[in-house]
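Comments concern the structure below.
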Amino acid sequence: MGNMLYIRFNSLFYVTTFLLLVLTTSCFSYVYWDPTLGGQILRCFDFVFIFLCFHNKRKNVNANFEREVNWIFKLAFLSVIGNTFLYHQSPMQNVINTCSHAFILYYFLLHFYGIKEKIIIAILTILVLMILFIQLVQQFTFPIAPFGINIQAETTNNLIEIRNGLFRFRIETACFAMLLVFFCWEQLLKKIRLWAIILFVLSLTSIYLFLTRQIIITVLFSIFLSAFLVKNRRLKIWTMCLLAVLCVIFYNWGDLFFEELIESSRDETDNDNVRIHSAFFFIDKILANPISFFLGNGSPKEAVNWGLKEGFWISDVGFIGECFIYGFFYIAVYPIILWKVYKYRNCVPLYIKMYIISTFLISVMIFPYRTRVEFMIWSMVLYICDLHINNSKLKYQ
Numbered sequence: 001m002g003n004m005l006y007i008r009f010n011s012l013f014y015v016t017t018f019l020l021l022v023l024t025t026s027c028f029s030y031v032y033w034d035p036t037l038g039g040q041i042l043r044c045f046d047f048v049f050i051f052l053c054f055h056n057k058r059k060n061v062n063a064n065f066e067r068e069v070n071w072i073f074k075l076a077f078l079s080v081i082g083n084t085f086l087y088h089q090s091p092m093q094n095v096i097n098t099c100s101h102a103f104i105l106y107y108f109l110l111h112f113y114g115i116k117e118k119i120i121i122a123i124l125t126i127l128v129l130m131i132l133f134i135q136l137v138q139q140f141t142f143p144i145a146p147f148g149i150n151i152q153a154e155t156t157n158n159l160i161e162i163r164n165g166l167f168r169f170r171i172e173t174a175c176f177a178m179l180l181v182f183f184c185w186e187q188l189l190k191k192i193r194l195w196a197i198i199l200f201v202l203s204l205t206s207i208y209l210f211l212t213r214q215i216i217i218t219v220l221f222s223i224f225l226s227a228f229l230v231k232n233r234r235l236k237i238w239t240m241c242l243l244a245v246l247c248v249i250f251y252n253w254g255d256l257f258f259e260e261l262i263e264s265s266r267d268e269t270d271n272d273n274v275r276i277h278s279a280f281f282f283i284d285k286i287l288a289n290p291i292s293f294f295l296g297n298g299s300p301k302e303a304v305n306w307g308l309k310e311g312f313w314i315s316d317v318g319f320i321g322e323c324f325i326y327g328f329f330y331i332a333v334y335p336i337i338l339w340k341v342y343k344y345r346n347c348v349p350l351y352i353k354m355y356i357i358s359t360f361l362i363s364v365m366i367f368p369y370r371t372r373v374e375f376m377i378w379s380m381v382l383y384i385c386d387l388h389i390n391n392s393k394l395k396y397q
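Right, dumping it as C-alpha cells:
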C-alpha cells in the first residue's frame, strides 16, 4: 500500500513538473496565452514553492548548492529597496513580482522527493519533441501559426522575420533542447546507440530552427570543447573522431544551413552598435549611486520608454542588465556557482558542464537565469550535479 502511494505521488510530481515547464513558457509562447490568468496561476506556484520549502526545510538533504540557491532567492528582494528609493514604485508589487525567483527553490523539492535523473531527461525529451513538431509544422502552415509569434509586433500584413529561408518562431524553450543535445552527445561519446543518434539530430534540429545565432554558435562551440573536457584518452580520441565527422558535414553542407544566417549577422552591425550603446547606458545607471550598484534598481516603468525610444532593452545586455535590476550582490552568486561546479568538475557529468559553459558564453547577451522556466532548468542542472557529487562521495567513504 505504501509503495503504491509512493508511486502515485511520484507520478503526480512528474506530471506537475511537465505542466509547470509548459506553463512557464506561456504554453510554448502560445499566441492567445492570457498573461493575466497565466501570471496568477504561476504566482500561486511561487507561494506553493515557498511554503513547501519552509515546511520541509528541516529535512536532511545533501544539497551542495543550498547556500547559493538560497542566495539567488533572497538577494533578489534587495532590488525592491533600490526600486522604492530610486523610482518610488510600489514595494508590494515589486515583492510580488520578485517572488518569481521562488521557482529556483524547485531545486529543494527535487531533493525532498528524490527525483531520478532519467525522469528529468525523459520529461525534457518529451518537451523537445513536442516543440520540434511545432517548429516543423508551422514552417508549412504559416500564417496559421499559433506558437512563437508576437501578434502586435510581427503579424501586421502577415509579416514575420525570415532567416535562412525559414520563418523564425520565438518559442522561448531553447534551454530544453540545449540540455538534451548535450546529454545525447555525452551518450554518443560513451557508446554509439541509435536512440542517441536520433535524439541528438532531432534536438540539434530544434536548436537550429530557433534561428538564434548566439545559441547555435555556442552549442556548436561547446560540442567542440567537449574534446578537451574528457580525460580518458580513448574517449578523447573517440570524441575527436565524432567531431571530425561533424566538421566534414558542416564543410560540405554548411552553406546550405548557415549562409544566410552569416550574411544577416554581417548586415546587423547597427543592432550590435545599439547593444553596445545600451550596455554603456545601463553601466552608467548602475554606477550612478551605491544603492543602484549593490542592491539594484528593480524594473523601473521608465525602462519601457528606454527600449521604445532608444532601443535600450534590459534583456539585450545579459549580465549588465541583470546587474541593473538586481545589483552586484545578486550577480556575484553566479560566479560562485561556476567556481563550485569547477571544484567538483570530476564528478559533474559532461553534458551538465557543456550546458553551463554554453550559457556562460552567451551570458553577456542572455543571462543564464532570468525567468521561471530558466530557474526550473537551473534547479534541475544543480540537482543533477548533486546526484553525481553525492554518489562520488559515497564511493570514497
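FYI, my numbering numbers position 57 of the sequence shown as 57, with every residue one higher than the one before it.
Note that CB positions come from ideal geometry on N, CA and C, so glycine has one too.
Because the structure is a prediction, the values reported are computed rather than measured.
By DSSP's assignment, Y351 forms no beta bridge with any residue.
With three or more CB-CB distances shorter than 8 angstroms, the region 288-299 counts as touching the region 72-79. Excluding the 5 residues flanking it on each side, L75 has same chain C-beta neighbours closer than 6 angstroms at F329 and Y330, in chain order. Taken through DSSP and simplified to helix, strand or coil, L166 comes out as strand. Relative to F200, the option among V181, V274 and L209 whose CA is nearest is V181. For the set E68, W195 and L242, the Cα lying nearest the Cα of A332 is the one of E68. Counting other Cβ atoms within 10 Å of its Cβ, Q135 reaches 16 or more and is therefore classed as buried.
By the criterion of at least three beta-carbon pairs nearer than 8 angstroms, the region 347-365 is in contact with the region 214-234.
If you compare the alpha carbons of Y383, W378 and L382 with that of F176, the shortest gap goes to W378. The alpha-carbon of F360 is positioned some 19 angstroms away from that of Y208.
Annotation: F169 to H388 spans about 36 angstroms, alpha carbon to alpha carbon. The DSSP-derived three-state label of Y30 is strand. Bounds of the alpha helix (DSSP H) holding H111 are Y106 to Y113. A distance below 7 angstroms between beta-carbons, with the five flanking residues on each side excluded, links Q187 to the following residues of its chain, in chain order: R193 and A196.
Counting the other Cβ atoms within 10 Å of the Cβ of Y32 gives fewer than 16, which makes it exposed.
Looking only at L110, L211 and I126, the smallest Cα-Cα distance to E66 is reached by L110. Taking a contact to require three or more Cβ pairs closer than 8 angstroms, the region 112-132 and the region 10-18 qualify as touching. Assignment of F103 by DSSP, reduced to helix, strand and coil, places it in the helix class.
Between L52 and S100, the C-beta gap is not smaller than 9 angstroms, which leaves the two residues out of contact.
Remark: C-beta atoms of F108 and V61 approach each other more closely than 9 angstroms. Shown here, F147 sits in a strand according to DSSP, grouped into three states. Between the region 81-100 and the region 333-344, the count of Cβ pairs shorter than 8 angstroms is below three; the stretches do not touch. Here M92 is exposed: its Cβ has fewer than 16 other Cβ atoms, across all protein chains shown, within 10 Å. Two segments are said to touch when three or more pairs of C-beta atoms, one from each, lie closer than 8 angstroms; by this definition the region 359-373 does not touch the region 116-135. Positions of the alpha helix (DSSP H) runs, each at least 4 residues long and wholly inside the region 29-86, are given as 35-55 and 66-75 in order along the chain. The C-beta distance from S29 to F147 rounds to 6 angstroms, short enough to meet the 8 angstroms contact threshold. For V22, same chain residues with a beta-carbon under 8 angstroms away, outside a window of 5 residues either side, are F28 and L127 in chain order. Setting aside the 5 residues that flank it on each side, I217 has no residue in the same chain whose C-beta is closer than 8 angstroms to its C-beta.
Distance from the Cα of N56 is smallest, within the candidate group Y106, N97 and H88, for Y106.
Note on the region 321-396: there is no whole beta strand (DSSP E) run with a minimum of 3 residues. Distance from N64 to D386 at the Cβ level is roughly 5 angstroms; contact confirmed, criterion being Cβ atoms closer than 8 angstroms.
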